[in-house]
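Here the structure comes first, spelled out in C-alpha coordinates, and everything after it is commentary.
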Amino acid sequence: MAGTFGGKKAGALPPGVADFYSDTKSMPSRQMREAAMDAPMGDEQKGEDPTTTKLLERTAELLGKEDALFMPSATMANEIAVAVHCRPGDEMICERASHIVNYEAGGPGLLGGVQTHMVDGNNGMFSSEQLKAALRPKGNLYIPETSLVIVEQTANFGGGAVWPLKQLREVAAVAAEAGIATHMDGARIMNAVVKTGISAEDYAQGYDSVTICFTKGLGCPFGALLVGSEEFIQRAWRFRQLLGGGLRQSGFMAALCLYALDNNVERLADDHRHAAQIASTLEDLPLVENVLPADTNIVIFDISLDGPTAAELADQLLQQGCLVGAFGERRIRIVTHIGVDQEDTDRLCDELKNLLTSR
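Going by numbering that gives the first Met the number 0, the residue at position 38 of the sequence shown is 37; the numbering climbs one at a time, nothing skipped.
What follows is the structure in C-alpha coordinates.
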(Lines of atoms letter the chains of each structure in order from A; the text may use other names.)
(Lines give C-alpha, C1' and ligand atoms only; values in the text may rest on other atoms or scores of the structure.)
Protein backbone atom coordinates (compact mmCIF):
# COMPACT_ATOMS: atom_id res chain seq x y z
CA MET A 0 0.00 0.00 0.00
CA ALA A 1 1.45 3.32 -1.01
CA GLY A 2 2.47 5.73 1.71
CA THR A 3 1.47 9.37 1.97
CA PHE A 4 3.76 12.19 3.01
CA GLY A 5 1.62 13.47 5.87
CA GLY A 6 -0.76 15.02 3.37
CA LYS A 7 2.11 16.74 1.54
CA LYS A 8 2.11 15.48 -2.04
CA ALA A 9 4.89 17.50 -3.65
CA GLY A 10 7.41 20.24 -3.13
CA ALA A 11 10.13 20.87 -0.58
CA LEU A 12 9.43 20.43 3.12
CA PRO A 13 9.07 23.60 5.19
CA PRO A 14 12.28 24.66 6.98
CA GLY A 15 12.87 22.97 10.30
CA VAL A 16 10.82 19.83 9.66
CA ALA A 17 12.38 16.68 11.12
CA ASP A 18 12.02 14.10 8.35
CA PHE A 19 11.36 10.64 9.77
CA TYR A 20 9.62 9.38 6.62
CA SER A 21 12.51 7.21 5.39
CA ASP A 22 16.26 6.85 5.64
CA THR A 23 16.28 7.53 1.90
CA LYS A 24 15.75 11.15 2.98
CA SER A 25 19.28 11.27 4.39
CA MET A 26 21.43 13.99 2.83
CA PRO A 27 25.17 13.90 2.06
CA SER A 28 27.26 15.82 4.55
CA ARG A 29 29.63 18.57 3.52
CA GLN A 30 32.55 16.23 4.22
CA MET A 31 31.04 13.56 1.98
CA ARG A 32 30.57 16.05 -0.84
CA GLU A 33 34.15 17.26 -0.48
CA ALA A 34 35.39 13.67 -0.72
CA ALA A 35 33.91 13.46 -4.20
CA MET A 36 35.38 16.66 -5.58
CA ASP A 37 38.84 15.35 -6.44
CA ALA A 38 38.01 11.69 -7.06
CA PRO A 39 39.94 10.19 -10.01
CA MET A 40 37.54 9.32 -12.83
CA GLY A 41 37.40 7.41 -16.09
CA ASP A 42 34.91 5.50 -18.21
CA GLU A 43 33.24 3.00 -15.89
CA GLN A 44 31.79 1.01 -18.78
CA LYS A 45 35.31 0.38 -20.06
CA GLY A 46 36.65 -0.47 -16.60
CA GLU A 47 38.71 2.73 -16.60
CA ASP A 48 37.29 4.49 -13.53
CA PRO A 49 39.76 3.84 -10.68
CA THR A 50 37.50 5.11 -7.90
CA THR A 51 34.62 2.91 -9.01
CA THR A 52 36.97 -0.06 -9.31
CA LYS A 53 38.15 0.55 -5.75
CA LEU A 54 34.53 0.59 -4.54
CA LEU A 55 33.72 -2.63 -6.41
CA GLU A 56 36.71 -4.44 -4.96
CA ARG A 57 36.09 -3.20 -1.45
CA THR A 58 32.40 -4.09 -1.46
CA ALA A 59 32.96 -7.53 -2.95
CA GLU A 60 35.50 -8.20 -0.20
CA LEU A 61 33.15 -6.81 2.46
CA LEU A 62 30.50 -9.33 1.45
CA GLY A 63 32.84 -12.21 0.67
CA LYS A 64 32.03 -12.42 -3.03
CA GLU A 65 34.15 -12.45 -6.20
CA ASP A 66 32.86 -9.40 -8.01
CA ALA A 67 30.50 -6.44 -7.86
CA LEU A 68 28.63 -4.03 -10.12
CA PHE A 69 27.77 -0.38 -9.41
CA MET A 70 24.07 0.38 -9.83
CA PRO A 71 21.95 3.53 -9.79
CA SER A 72 19.62 1.99 -7.18
CA ALA A 73 18.99 -1.07 -5.03
CA THR A 74 15.74 -1.64 -6.90
CA MET A 75 17.63 -2.01 -10.17
CA ALA A 76 20.11 -4.32 -8.45
CA ASN A 77 17.33 -6.54 -7.14
CA GLU A 78 15.52 -6.68 -10.46
CA ILE A 79 18.68 -7.56 -12.35
CA ALA A 80 19.42 -10.30 -9.82
CA VAL A 81 16.01 -11.80 -10.55
CA ALA A 82 16.59 -11.58 -14.30
CA VAL A 83 19.97 -13.30 -14.02
CA HIS A 84 18.86 -16.08 -11.70
CA CYS A 85 15.51 -16.87 -13.35
CA ARG A 86 14.00 -17.67 -16.73
CA PRO A 87 10.67 -16.24 -17.90
CA GLY A 88 7.91 -18.41 -16.48
CA ASP A 89 9.88 -19.35 -13.36
CA GLU A 90 8.78 -18.62 -9.81
CA MET A 91 10.62 -16.87 -7.00
CA ILE A 92 9.86 -17.16 -3.29
CA CYS A 93 9.95 -14.24 -0.86
CA GLU A 94 8.14 -12.93 2.21
CA ARG A 95 4.81 -11.20 1.63
CA ALA A 96 5.90 -7.84 3.06
CA SER A 97 9.20 -7.72 1.17
CA HIS A 98 10.28 -4.64 -0.75
CA ILE A 99 10.71 -6.47 -4.04
CA VAL A 100 7.04 -7.54 -3.97
CA ASN A 101 5.47 -4.29 -2.82
CA TYR A 102 7.69 -1.38 -3.82
CA GLU A 103 9.50 -2.22 -7.04
CA ALA A 104 6.65 -1.53 -9.47
CA GLY A 105 6.01 -5.15 -10.40
CA GLY A 106 9.51 -5.50 -11.80
CA PRO A 107 9.96 -9.28 -11.44
CA GLY A 108 6.89 -9.92 -13.59
CA LEU A 109 7.50 -7.14 -16.12
CA LEU A 110 11.27 -7.34 -16.53
CA GLY A 111 11.94 -10.98 -15.77
CA GLY A 112 8.64 -12.67 -16.57
CA VAL A 113 8.88 -14.22 -13.12
CA GLN A 114 5.96 -15.22 -10.92
CA THR A 115 6.12 -14.53 -7.17
CA HIS A 116 5.21 -17.00 -4.43
CA MET A 117 4.74 -15.02 -1.22
CA VAL A 118 5.31 -16.64 2.17
CA ASP A 119 3.46 -15.35 5.23
CA GLY A 120 6.37 -15.02 7.60
CA ASN A 121 6.92 -13.13 10.84
CA ASN A 122 8.10 -9.51 10.69
CA GLY A 123 9.37 -9.97 7.15
CA MET A 124 11.17 -13.26 7.81
CA PHE A 125 10.27 -16.88 7.09
CA SER A 126 11.58 -20.22 8.28
CA SER A 127 13.30 -23.04 6.43
CA GLU A 128 10.19 -25.16 7.02
CA GLN A 129 8.02 -22.52 5.38
CA LEU A 130 10.43 -22.47 2.46
CA LYS A 131 10.24 -26.24 2.09
CA ALA A 132 6.45 -26.03 1.98
CA ALA A 133 6.59 -23.34 -0.72
CA LEU A 134 8.92 -25.18 -3.10
CA ARG A 135 7.34 -26.46 -6.28
CA PRO A 136 7.79 -30.16 -7.04
CA LYS A 137 10.14 -30.77 -9.93
CA GLY A 138 9.17 -32.46 -13.16
CA ASN A 139 5.57 -31.22 -13.40
CA LEU A 140 5.20 -29.47 -16.74
CA TYR A 141 1.98 -27.73 -15.68
CA ILE A 142 3.44 -25.62 -12.88
CA PRO A 143 6.15 -22.96 -12.69
CA GLU A 144 9.62 -24.00 -11.58
CA THR A 145 11.02 -22.50 -8.40
CA SER A 146 14.34 -20.94 -9.34
CA LEU A 147 15.06 -18.26 -6.71
CA VAL A 148 14.62 -17.54 -3.00
CA ILE A 149 14.93 -13.93 -1.78
CA VAL A 150 15.46 -12.70 1.78
CA GLU A 151 15.55 -9.07 2.93
CA GLN A 152 18.15 -8.07 5.55
CA THR A 153 17.01 -6.05 7.42
CA ALA A 154 13.27 -6.51 6.83
CA ASN A 155 11.90 -3.05 6.10
CA PHE A 156 8.22 -3.62 6.81
CA GLY A 157 9.07 -6.07 9.55
CA GLY A 158 10.13 -3.02 11.54
CA GLY A 159 13.77 -3.25 10.50
CA ALA A 160 13.95 -6.79 11.88
CA VAL A 161 17.32 -8.53 11.71
CA TRP A 162 17.30 -12.06 10.32
CA PRO A 163 19.13 -14.32 12.80
CA LEU A 164 22.24 -15.80 11.23
CA LYS A 165 21.11 -19.35 11.99
CA GLN A 166 17.79 -18.77 10.23
CA LEU A 167 19.52 -17.30 7.17
CA ARG A 168 21.83 -20.30 6.98
CA GLU A 169 18.93 -22.75 7.30
CA VAL A 170 17.01 -21.05 4.48
CA ALA A 171 20.11 -21.01 2.26
CA ALA A 172 20.74 -24.70 2.97
CA VAL A 173 17.22 -25.71 1.95
CA ALA A 174 17.56 -23.73 -1.27
CA ALA A 175 20.97 -25.23 -2.04
CA GLU A 176 19.70 -28.75 -1.45
CA ALA A 177 16.88 -28.07 -3.90
CA GLY A 178 19.26 -26.57 -6.48
CA ILE A 179 17.68 -23.12 -6.21
CA ALA A 180 19.53 -19.80 -6.36
CA THR A 181 19.44 -17.36 -3.44
CA HIS A 182 19.51 -13.57 -3.37
CA MET A 183 19.75 -11.28 -0.36
CA ASP A 184 18.21 -7.85 -0.63
CA GLY A 185 20.73 -6.39 1.79
CA ALA A 186 19.77 -2.76 1.25
CA ARG A 187 20.17 -2.22 5.01
CA ILE A 188 22.61 -5.04 5.74
CA MET A 189 25.01 -2.66 7.50
CA ASN A 190 22.29 -1.90 10.05
CA ALA A 191 22.25 -5.60 10.86
CA VAL A 192 26.05 -5.65 11.09
CA VAL A 193 26.15 -2.74 13.54
CA LYS A 194 23.26 -4.12 15.60
CA THR A 195 24.71 -7.61 16.08
CA GLY A 196 28.44 -7.35 15.46
CA ILE A 197 28.14 -10.15 12.88
CA SER A 198 30.09 -9.35 9.71
CA ALA A 199 28.46 -8.62 6.37
CA GLU A 200 30.41 -11.55 4.92
CA ASP A 201 28.93 -13.93 7.49
CA TYR A 202 25.41 -12.71 6.74
CA ALA A 203 25.99 -13.10 2.99
CA GLN A 204 27.48 -16.59 3.25
CA GLY A 205 25.41 -19.10 1.32
CA TYR A 206 23.68 -16.46 -0.81
CA ASP A 207 24.54 -16.35 -4.49
CA SER A 208 24.03 -12.61 -4.82
CA VAL A 209 23.56 -9.65 -2.50
CA THR A 210 22.35 -6.08 -2.94
CA ILE A 211 23.73 -3.34 -0.71
CA CYS A 212 22.33 0.20 -0.84
CA PHE A 213 24.22 3.39 -0.02
CA THR A 214 21.33 5.87 -0.13
CA LYS A 215 19.70 4.86 3.14
CA GLY A 216 21.44 4.86 6.51
CA LEU A 217 24.84 5.27 4.89
CA GLY A 218 23.80 8.74 3.76
CA CYS A 219 24.71 8.83 0.06
CA PRO A 220 22.61 10.56 -2.61
CA PHE A 221 23.21 7.80 -5.16
CA GLY A 222 24.22 4.23 -5.53
CA ALA A 223 23.87 0.55 -4.76
CA LEU A 224 26.00 -2.46 -5.53
CA LEU A 225 25.13 -5.95 -6.66
CA VAL A 226 27.69 -8.57 -5.68
CA GLY A 227 28.16 -12.21 -6.62
CA SER A 228 30.40 -14.51 -8.62
CA GLU A 229 32.34 -13.26 -11.63
CA GLU A 230 30.01 -15.15 -13.97
CA PHE A 231 26.92 -13.72 -12.26
CA ILE A 232 28.24 -10.15 -12.47
CA GLN A 233 29.11 -10.56 -16.16
CA ARG A 234 25.50 -11.50 -16.86
CA ALA A 235 24.24 -8.72 -14.59
CA TRP A 236 26.37 -6.19 -16.51
CA ARG A 237 24.48 -7.03 -19.69
CA PHE A 238 21.08 -6.55 -18.03
CA ARG A 239 22.23 -3.23 -16.56
CA GLN A 240 23.13 -2.09 -20.06
CA LEU A 241 19.78 -3.26 -21.40
CA LEU A 242 17.93 -1.24 -18.75
CA GLY A 243 19.95 1.92 -19.40
CA GLY A 244 21.79 1.74 -16.09
CA GLY A 245 25.30 1.90 -17.50
CA LEU A 246 27.56 4.54 -15.99
CA ARG A 247 30.40 6.63 -17.38
CA GLN A 248 32.51 8.92 -15.18
CA SER A 249 31.09 7.47 -11.98
CA GLY A 250 34.14 8.05 -9.80
CA PHE A 251 32.69 11.01 -7.93
CA MET A 252 29.62 8.93 -7.04
CA ALA A 253 31.76 5.97 -6.01
CA ALA A 254 33.79 8.32 -3.81
CA LEU A 255 30.63 9.18 -1.89
CA CYS A 256 30.08 5.48 -1.18
CA LEU A 257 33.68 4.95 -0.13
CA TYR A 258 33.36 7.87 2.27
CA ALA A 259 30.23 6.27 3.71
CA LEU A 260 32.01 2.97 4.32
CA ASP A 261 34.79 4.82 6.14
CA ASN A 262 32.67 7.23 8.17
CA ASN A 263 28.96 6.37 8.30
CA VAL A 264 28.75 2.73 9.35
CA GLU A 265 29.40 2.82 13.10
CA ARG A 266 27.17 5.86 13.53
CA LEU A 267 24.19 3.68 12.55
CA ALA A 268 24.11 2.80 16.25
CA ASP A 269 22.83 6.35 16.88
CA ASP A 270 19.88 5.68 14.57
CA HIS A 271 19.15 2.42 16.39
CA ARG A 272 19.19 4.20 19.74
CA HIS A 273 16.79 6.87 18.50
CA ALA A 274 14.41 4.24 17.10
CA ALA A 275 14.47 2.34 20.39
CA GLN A 276 13.57 5.53 22.25
CA ILE A 277 10.61 6.16 19.94
CA ALA A 278 9.40 2.56 20.25
CA SER A 279 9.67 2.72 24.04
CA THR A 280 7.62 5.92 24.06
CA LEU A 281 4.91 4.34 21.93
CA GLU A 282 4.62 1.25 24.13
CA ASP A 283 3.12 3.36 26.93
CA LEU A 284 0.56 5.28 24.87
CA PRO A 285 -3.12 4.23 25.16
CA LEU A 286 -4.02 4.87 21.50
CA VAL A 287 -1.17 2.73 20.17
CA GLU A 288 -1.31 -0.96 19.28
CA ASN A 289 1.12 -3.52 17.89
CA VAL A 290 4.47 -1.77 18.12
CA LEU A 291 6.84 -4.03 16.18
CA PRO A 292 10.19 -4.74 17.83
CA ALA A 293 12.56 -1.96 16.79
CA ASP A 294 15.67 -4.01 16.06
CA THR A 295 17.41 -1.29 14.09
CA ASN A 296 16.26 2.08 12.71
CA ILE A 297 12.62 1.46 11.77
CA VAL A 298 9.58 1.81 14.04
CA ILE A 299 6.20 0.51 12.88
CA PHE A 300 3.00 0.65 14.90
CA ASP A 301 -0.78 0.69 14.54
CA ILE A 302 -3.18 3.30 15.89
CA SER A 303 -6.18 1.96 17.80
CA LEU A 304 -9.69 2.52 16.48
CA ASP A 305 -10.21 5.11 19.22
CA GLY A 306 -7.41 7.23 17.81
CA PRO A 307 -6.90 9.23 14.61
CA THR A 308 -6.32 7.55 11.28
CA ALA A 309 -2.76 7.18 10.10
CA ALA A 310 -3.19 10.02 7.61
CA GLU A 311 -4.69 12.28 10.28
CA LEU A 312 -1.83 11.59 12.68
CA ALA A 313 0.74 12.20 9.95
CA ASP A 314 -0.92 15.54 9.16
CA GLN A 315 -0.97 16.52 12.83
CA LEU A 316 2.69 15.61 13.28
CA LEU A 317 3.67 17.54 10.16
CA GLN A 318 1.97 20.62 11.58
CA GLN A 319 4.24 20.19 14.60
CA GLY A 320 7.35 19.85 12.45
CA CYS A 321 7.74 16.06 12.18
CA LEU A 322 7.21 14.04 8.99
CA VAL A 323 6.32 10.34 9.27
CA GLY A 324 4.86 7.78 6.87
CA ALA A 325 1.21 6.70 6.89
CA PHE A 326 0.67 3.25 5.41
CA GLY A 327 -2.93 2.14 5.14
CA GLU A 328 -5.70 3.21 7.47
CA ARG A 329 -3.98 2.66 10.80
CA ARG A 330 -0.27 1.96 10.31
CA ILE A 331 2.59 4.42 10.81
CA ARG A 332 6.25 3.96 9.93
CA ILE A 333 9.01 6.08 11.47
CA VAL A 334 12.59 5.78 10.23
CA THR A 335 15.65 7.25 11.93
CA HIS A 336 18.78 8.22 10.00
CA ILE A 337 21.74 10.57 9.81
CA GLY A 338 19.47 13.54 9.08
CA VAL A 339 17.58 13.44 12.40
CA ASP A 340 19.31 13.94 15.73
CA GLN A 341 18.56 13.54 19.43
CA GLU A 342 16.71 16.85 19.58
CA ASP A 343 14.48 15.80 16.66
CA THR A 344 13.84 12.45 18.32
CA ASP A 345 12.88 14.07 21.63
CA ARG A 346 10.52 16.44 19.81
CA LEU A 347 8.84 13.58 17.94
CA CYS A 348 8.40 11.59 21.17
CA ASP A 349 6.81 14.60 22.86
CA GLU A 350 4.38 15.11 19.98
CA LEU A 351 3.46 11.41 19.90
CA LYS A 352 2.64 11.61 23.61
CA ASN A 353 0.49 14.69 23.03
CA LEU A 354 -1.43 13.19 20.11
CA LEU A 355 -1.81 9.54 21.14
CA THR A 356 -2.65 9.81 24.83
CA SER A 357 -6.30 10.70 24.25
CA ARG A 358 -8.51 11.63 21.30
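Ideal Cβ placement from N, Cα and C applies to all residues, glycine included.
Bear in mind that the values here come from a model prediction, so they are computed numbers and not experimental data.
Close-in-space but distant-in-sequence residues of the same chain around residue i (CB under 8 Å, 5 per side omitted)
{"i": "T23", "result": "T214 and K215"}
{"i": "I232", "result": "E65, D66, A67, L68, L225 and V226"}
{"i": "A172", "result": "S127 and G205"}
{"i": "Q166", "result": "M124, S126 and S127"}
{"i": "A38", "result": "T50, G250, F251, A253 and A254"}
{"i": "D207", "result": "H84, A180, T181, H182, G227, S228 and F231"}
{"i": "I197", "result": "L164 and A191"}
Residue i burial status per 10 Å Cβ neighbour count (16 or more: buried)
{"i": "I142", "result": "exposed"}
{"i": "A132", "result": "exposed"}
{"i": "Q359", "result": "Outside the displayed span of the chain (0 to 358) sits residue 359, for which this structure offers no information."}
{"i": "T51", "result": "buried"}
{"i": "Y102", "result": "exposed"}
{"i": "G138", "result": "exposed"}
{"i": "I337", "result": "buried"}
{"i": "L317", "result": "buried"}
{"i": "P14", "result": "exposed"}
{"i": "A104", "result": "exposed"}
{"i": "L246", "result": "buried"}
{"i": "R237", "result": "exposed"}
{"i": "E328", "result": "exposed"}
{"i": "E43", "result": "buried"}
Euclidean distance between Cα positions of residue i and residue j
{"i": "C93", "j": "R266", "result": "30 Å"}
{"i": "T195", "j": "N353", "result": "34 Å"}
{"i": "A160", "j": "N190", "result": "10 Å"}
{"i": "R332", "j": "D301", "result": "9 Å"}
{"i": "L383", "j": "S97", "result": "Lying before the first or after the last residue shown, residue 383 is absent from the chain, which here runs from 0 to 358."}
{"i": "L257", "j": "Q114", "result": "36 Å"}
{"i": "T210", "j": "E56", "result": "15 Å"}
{"i": "G244", "j": "L110", "result": "14 Å"}
{"i": "E176", "j": "D261", "result": "38 Å"}
{"i": "A310", "j": "P27", "result": "29 Å"}
{"i": "D112", "j": "Q319", "result": "Strictly speaking, residue 112 in this sequence is Gly, with Asp absent from that position. Taking the straight line joining both Cα atoms gives about 46 Å."}
{"i": "L54", "j": "Q248", "result": "14 Å"}
{"i": "R86", "j": "Q315", "result": "48 Å"}
{"i": "M36", "j": "N121", "result": "44 Å"}
{"i": "V100", "j": "M75", "result": "13 Å"}
{"i": "R168", "j": "A199", "result": "13 Å"}
{"i": "E33", "j": "E288", "result": "44 Å"}
{"i": "L242", "j": "E282", "result": "45 Å"}
{"i": "M70", "j": "R239", "result": "8 Å"}
{"i": "T308", "j": "S25", "result": "27 Å"}
{"i": "C321", "j": "V150", "result": "32 Å"}
{"i": "G88", "j": "A174", "result": "19 Å"}
{"i": "V193", "j": "L12", "result": "30 Å"}
{"i": "A278", "j": "W162", "result": "19 Å"}
{"i": "F156", "j": "Q341", "result": "24 Å"}
{"i": "S303", "j": "G158", "result": "18 Å"}
{"i": "R29", "j": "D201", "result": "33 Å"}
Neighbourhood of residue i by C-beta distance below 6 Å, restricted to the same chain and skipping five residues each side
{"i": "S21", "result": "V334"}
{"i": "R95", "result": "M117 and D119"}
{"i": "M31", "result": "L255 and Y258"}
{"i": "P220", "result": "P27"}
{"i": "K362", "result": "Since the first and last residues shown for the chain are 0 and 358, residue 362 lies out of range."}
Proximal residues to residue i (C-beta, below 7 Å), its chain only, five neighbours per side dropped
{"i": "R135", "result": "E90, I142, P143, E144 and T145"}
{"i": "E47", "result": "G41"}
{"i": "L284", "result": "L351, K352, L355 and T356"}
{"i": "V81", "result": "M91, P107, G111, V113 and L147"}
{"i": "T58", "result": "A67, I211, L224 and V226"}
Nearest-angstrom Cβ-Cβ length linking residue i and residue j, presumed shorter than 8 Å
{"i": "D18", "j": "V339", "result": "7 Å"}
{"i": "G250", "j": "P49", "result": "7 Å"}
{"i": "V16", "j": "A235", "result": "Actually they are not in contact, since the Cβ atoms of V16 and A235 sit about 38 Å apart, beyond 8 Å."}
{"i": "P107", "j": "E78", "result": "7 Å"}
{"i": "I179", "j": "L147", "result": "7 Å"}
{"i": "A293", "j": "A268", "result": "Incorrect: roughly 13 Å between the Cβ atoms, too far for contact."}
{"i": "V170", "j": "L140", "result": "In fact, because the Cβ distance is near 27 Å, the residues do not count as touching under 8 Å."}
{"i": "H271", "j": "T344", "result": "Actually they are not in contact, since the Cβ atoms of H271 and T344 sit about 12 Å apart, beyond 8 Å."}
{"i": "N263", "j": "L291", "result": "Actually they are not in contact, since the Cβ atoms of N263 and L291 sit about 25 Å apart, beyond 8 Å."}
{"i": "C348", "j": "T295", "result": "18 Å between Cβ atoms; not a contact."}
{"i": "G10", "j": "A203", "result": "Rounded, the Cβ-Cβ distance is 40 Å, inconsistent with contact."}
{"i": "A186", "j": "A73", "result": "5 Å"}
{"i": "E330", "j": "I297", "result": "Looking at the sequence shown, residue 330 is not Glu but Arg. Not quite, the Cβ-Cβ distance comes to about 12 Å (not below 8 Å), so this is no contact."}
*In chain order, which continuous runs of the beta strand (DSSP E) of length 3 or greater are located wholly inside the segment 265 to 336?*
297 to 302, 324 to 326 and 330 to 334
*Any chance you could list the beta strand (DSSP E) runs of at least 3 consecutive residues sitting entirely within the segment 89 to 136, in chain order?*
90 to 94 and 114 to 118
*In chain order, which continuous runs of the alpha helix (DSSP H) of length 4 or greater are located wholly inside the segment 215 to 273?*
229 to 241 and 250 to 262
*What are the complete beta strand (DSSP E) segments, minimum 3 residues, inside the segment 49 to 91?*
66 to 70
*Mind pulling the alpha helix (DSSP H) runs of 4 or more residues that sit fully within the segment 157 to 206?*
164 to 176, 188 to 195 and 199 to 203
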